[in-house]
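In terms of the numbering used here, the numbers along the sequence shown are unbroken and rise by one, the last being 264.
Remarks on the structure that follows.
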Amino acid sequence: MTTFAIYSNKGGVGKTAAAVNLGYLSAAGGRSTLICDLDPQAAATFYLRVRPELHAKAIGLHKGSAAVADSIKGSDYTGLDILPADFTHRELEIRYSRKKGSTRRLAKALGELQAEYDVVILDCPPSIGLLAENIFAVSDYLLTPLVPTTLSLRTYAQLKTFLREQHYDSARFYTFLSMVDRRKKMHQSISAEVQADEANILPGAIPYTSVIEQMGIRREPVPYSDPSSPAAIAYKQLWRGIEAELLGEM
């Protein structure tokens, strides 16, 4: 089982759209895939047309694997399941902080899913606290969407500094361009700068486009609803890069 965290300490960078679209592509390629929605806003859960039962999902993630397994739901797509979120996820950090091994509670909760899934994708809230430490501990790779703006670049630099200070293995930290508007000169110049300077940048610049925004209306992954769109092509390119670079497939 390979666990990818779609993570950024900045909100509004396209994390949830990436998690859902990459999860769909993983499953469409024949891998048993789980999207774990860690955000109290539950956008990934909403996109996949799943209505979580409000029976303390945070308690399930807090207690361990059996409670987590009971909460997993199927989706409309073969091979793709979701561990849904609801507003109780806002309590996760508090619950984890009260337990021994507080930075590995999420790893413990997801541990027994090893035999069930080939790929797990975590849709992460923009946290840099205890939940983030749990995410760093459980993930094989961090995949950080980077919007080509000065503020997003600054936040990304702060994240790299934090991970370096925490002795996080840089070989497990990757980025990809997100919400790129090719009409804007700043987006063009920063995109070129990032592609030239970043060693661990994945292919597939995700465009800023209404097709992705319409996921909230269609509630379907873009490669499913509009497979020939530039956004779908970009997500496919990104997933092929992940397969080649991180899953060892050519």
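Don't be surprised by glycine CBs; every beta carbon is placed ideally from N, CA and C.
Asked: Cut-off 6 Å between Cβ atoms - residues of its own chain near Thr16, not counting five sequence neighbours on either side; Found: Val133 and Asp154
Asked: Burial state of Ala31, where buried means 16 or more other Cβ atoms lie within 10 Å; Found: buried
Asked: Cβ distance (whole Å) where Pro265 is taken to contact Ser22 below 8 Å; Found: Residue 265 cannot be examined here, being either before or after the span of the chain that is shown, 15 to 264.
Asked: For Val64, three-class secondary structure by DSSP; Found: coil
Asked: Leu127 to Gln251 span [Cα, whole Å]; Found: 28 Å
Asked: Buried versus exposed call for Glu147 [16 or more other C-beta atoms within 10 Å across all chains shown]; Found: buried
Asked: Presumed contact (8 Å Cβ cut-off) between Ala219 and Val194, rounded CB distance; Found: 5 Å
Asked: Reduced DSSP secondary structure (H/G/I, E/B, other) of Asp84; Found: helix
Asked: Alpha-carbon to alpha-carbon, Ala246 and Glu234; Found: 12 Å
Asked: Beta bridge counterpart(s) of Val194 as assigned by DSSP; Found: Pro221
Asked: Entirely enclosed beta strand (DSSP E) segments - the stretch 151–187, minimum 3 residues; Found: 155–160
Asked: Reduced DSSP secondary structure (H/G/I, E/B, other) of Ser59; Found: For the record, residue 59 in the displayed sequence is Thr; it is not Ser. Looking at Thr59 - three-state DSSP - the assignment turns out to be helix.
Asked: Residue of Val161, Phe150, Leu167 and Lys198 minimising C-alpha distance to Ala185; Found: Phe150
Asked: Close beta carbons around Arg45, own chain, < 6 Å, minus the five adjacent residues each side; Found: Asp132 and Val133
Asked: The stretch 32–43 touching the stretch 168–181, judged by at least three CB pairs closer than 8 Å; Found: no
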